[in-house]
Amino acid sequence: MEIARQSGILLHPTSLPGRFGVGDLGPEAHRFVDFLSETKQRLWQVLPLGPTGYGDSPYQCFSAFAGNPLLVSPERLRKDGWLGAADLAKAPAFSDQGVDFGAVIAWKRELLKRAGAGFEKGASAKARESFEGFRQANPWLADYALFMALKDAHRGAAWTSWERDLANRRPLALEKARRELQADVRVHEFAQFLFFQQWAELRAHAQARGIRIMGDVPIFVAHDSADVWAHPELFVLSSDGSPAVVAGVPPDYFSETGQLWGNPLYRWETMARTGYVWWVERFRAVLGLVDLVRLDHFRGFEAYWEVPGKDLTAVHGRWVKGPGDALFEALAAALGQLPIVAENLGVITPEVEALRERFGFPGMAILQFAFGTDASAECFKPHNYPRHLVVYTGTHDNDTIAGWWSGGVGDSTRTAEDVQAERDHCREYLGIEGREIHWDFVRAVLASVADLAVIPLQDVLGLGSEARMNVPAKPAGNWRWRFTWEQVTGGVRDRLGRMTEMYSRADPSPVDR
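Under numbering that gives the first Met the number 0, read the sequence shown as residues 0 to 512, first letter to last.
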């Protein structure tokens with residue numbers, strides 16, 4: 000896949016402004032699309048859109064197919080008639096500076112129940128037909144909705160702690176649960192109907208403004224998810240349902256003990272015997288939502304870091320061969336050309352790059368990594384970029400550029416001497432003084448030869464470490480950042496738009512070649 004020269008902004012919808020505690024798919028999302036268009040951007044990159052579980056991470060979702068009900072817009076529910084004005088007037092006084100997930104989840108859950116009741120009471124025949132059509136068109140929905148209803152009934156406990164017949168999906172136990180939890184199951188189904196309806200409207204608005212959306216597909220799924228509960232045969236599990244081995248990455252730039260993600264690993268040989276149908280359906284679903292896909296941890300498809308399920312760090316793992324060509328051949332046979340961007344960061348071998356190049360997937364480069372002392376820094380310097388590349392100032396896992404420049408947070412491997420050496424190297428390489436370091440970085444990626452340049456909104460706004468989205472291996476406090484429109488000044492808009500035009504990234508009709 001080749002991409003016409005263009006640029007875009009990385010912002011997860013939870014970071015949008017609004018008075019309901021978390022960004023959503025309502026008016027502010029549409030306003031953000033308009034901002035992208037006005038500043039000559041052609042792409043909006045988001046993180047995984049699934050219903051978040053452990054640590055509120057979009058990379059640990061309850062389903063690889065479902066949408067996040069926290070993103071459902073209350074204002075749109077009021078407009079559609081499923082809620083009344085009083086329902087929104089009773090919203091708590093949420094902070095606009097960050098997401099308090101505990102408070103937002105509790106309030107949004109009750110709001111969606113009331114919206115469901117409003118739908119059941121007042122929906123037209125056409126609306127009911129649309130809902131039923133959605134239910135029939137999405138085979139994953141029945142298992143997901145029952146899984147979530149059972150989690151609610153078990154006060155959020157992981158599925159492995161449920162009664163044995165439910166954990167093991169005995170047909171009589173499932174039938175009984177569906178009957179007893181029918182009302183709760185329907186609320187979860189309705190929340191998914193709302194998410195997909197609102198997302199479709201937002202995507203149509205983006206398409207009308209010449210904006211494409213890049214989604215994100217994590218290689219692994221959460222253990223406590225409808226995916227693993229419904230299809231245990233596809234995962235390497237112990238007899239009690241717990242992961243026998245888990246995913247992670249070895250020690251690296253982010254952590255001296257590696258990252259222990261804890262996701263169960265796939266039985267790739269079982270998936271191969273089915274023609275990788277689970278992956279085909281997963282990609283079919285995500286390509287119904289977005290135009291391009293960032294495939295997270297691409298190197299794991301060539302070889303992945305396997306850690307014993309009982310270990311507390313990722314240090315004592317081993318590399319195990321992944322599915323390689325066979326998976327992508329199956330995807331391409333079923334779906335045609337794959338609009339994939341390969342996240343090829345970390346320990347990348349010639350075999351990984353050969354796999355990526357064989358299928359024509361552009362890789363990634365992070366400018367912030369260009370000024371370190373290790374040998375890998377060279378490939379992140381703009382003079383070494385190939386054209387077929389997506390370049391970032393930083394990603395959701397990095398500190399902001401302003402935060403990194405001032406010393407950073409959460410990067411335990413950086414000493415004070417490292418920070419000073421990186422600054423000195425950066426000044427010399429970019430020919431800058433660093434008074435506006437975030438704009439220096441924005442200019443460098445936009446001016447580069449890379450086809451696609453993506454900038455986190457935090458770096459456009461010049462925000463510090465307080466706006467960092469995620470610190471890898473930090474157990475809590477991530478994913479909370481939100482912006483306000485007051486931060487998006489006229490000067491910011493004008494400067495971003497002019498710079499984008501200057502470096503020929505403002506083509507109003509981006510076309511993949």
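A virtual CB, placed ideally from N, CA and C, is assigned to each residue, including glycine.
In chain order, Ala246, Gly247 place their CB closer than 6 Å to the CB of Trp260, counting only its own chain and leaving out the 5 sequence neighbours on each side. Leu87 sits close to Pro73, with the two beta carbons spaced by under 7 Å. When secondary structure is reduced to three states using DSSP, Lys320 falls in the strand class.
Counting along the chain, no alpha helix (DSSP H) covers Arg211; the unbroken beta strand (DSSP E) around it starts and ends at 211-216.
In this structure, the straight-line span from the alpha carbon of Val448 to that of Glu179 is close to 59 Å. Counted as a single uninterrupted DSSP element, the stretch harbouring Gly80 is not any beta strand (DSSP E), since DSSP gives it neither H nor E. Straight-line spacing of the CA atoms in Gly97 and Trp478 works out to 9 Å.
In this structure, the beta-carbon distance from Asp183 to Ala148 falls below 7 Å.
Where Val470 is concerned, there is no enclosing alpha helix (DSSP H), because DSSP gives it neither an H nor an E. In this structure, the alpha-carbon of Ala329 lies about 37 Å from that of Glu255. By the criterion of at least three beta-carbon pairs nearer than 8 Å, the stretch 459-479 is not in contact with the stretch 414-421. Annotation: the continuous alpha helix (DSSP H) that includes Met270 extends over 267-272. At least 7 Å separates the beta-carbon of His437 from that of Gly463.
Ranking Ser224, Gln258, Pro250, Pro263 by CA distance to the CA of Ser237 puts Pro263 first. Annotation note: the stretch 1-69 contains the following uninterrupted beta strand (DSSP E) runs of length 3 or greater, listed N- to C-terminal: 5-9, 42-44. For the pair Arg154 and Ser56, the Cα-to-Cα distance works out to about 19 Å. Cβ-Cβ distances below 8 Å link Leu456 to Ile8, Leu9, Leu10, Ser14, Phe482 in the same chain, with the five nearest sequence neighbours on each side left out; the list follows chain order. Distance from the CA of Leu111 to the CA of Ala190, rounded to the nearest whole angstrom, comes to 7 Å.
Using a Cβ distance threshold of 7 Å, Ser6 and Gln40 count as a contacting pair. Bounds of the beta strand (DSSP E) holding Pro307 are 302-307. Residue environment: Gly402 is assigned as buried (16 or more neighbouring CB atoms within 10 Å of its CB, all protein chains considered). Following the DSSP letters along the chain, one finds Arg293 inside the beta strand (DSSP E) bounded by residues 291-294. For Ala325, the CB contacts under 7 Å within the same chain, skipping 5 residues up- and downstream, are Ala271 in chain order. Pro263 sits in a strand when the DSSP states are folded into three classes. In the DSSP assignment, Pro349 falls within the alpha helix (DSSP H) that extends over 349-357.
Under the three-state reduction of DSSP, Trp106 is assigned to helix.
Ranking Asp493, Val227, Pro349, Val186 by CA distance to the CA of Arg168 puts Val227 first. The beta carbons of Thr399 and Ala452 sit no closer together than 7 Å. The three-state reading of DSSP puts Phe118 in helix, counting H, G and I together. In its chain, beyond the 5 residues on either side, Val340, His387, Leu388, Val389 have a beta carbon closer than 6 Å to the beta carbon of Pro361. The stretch 363-403 is shown to contain no whole alpha helix (DSSP H) run of 4 or more residues. Nearest C-alpha to Gly489 among Phe358, Gln44, Thr38: Thr38.
Around the C-beta of Pro91, fewer than 16 other C-beta atoms lie within 10 Å, and the residue is accordingly described as exposed. When the beta-carbon positions are compared, Gly49 and Ala28 stay at least 7 Å from each other. Counted as a single uninterrupted DSSP element, the beta strand (DSSP E) harbouring Val245 occupies residues 244-248. In this chain, the alpha helix (DSSP H) harbouring Ala199 covers 181-207.
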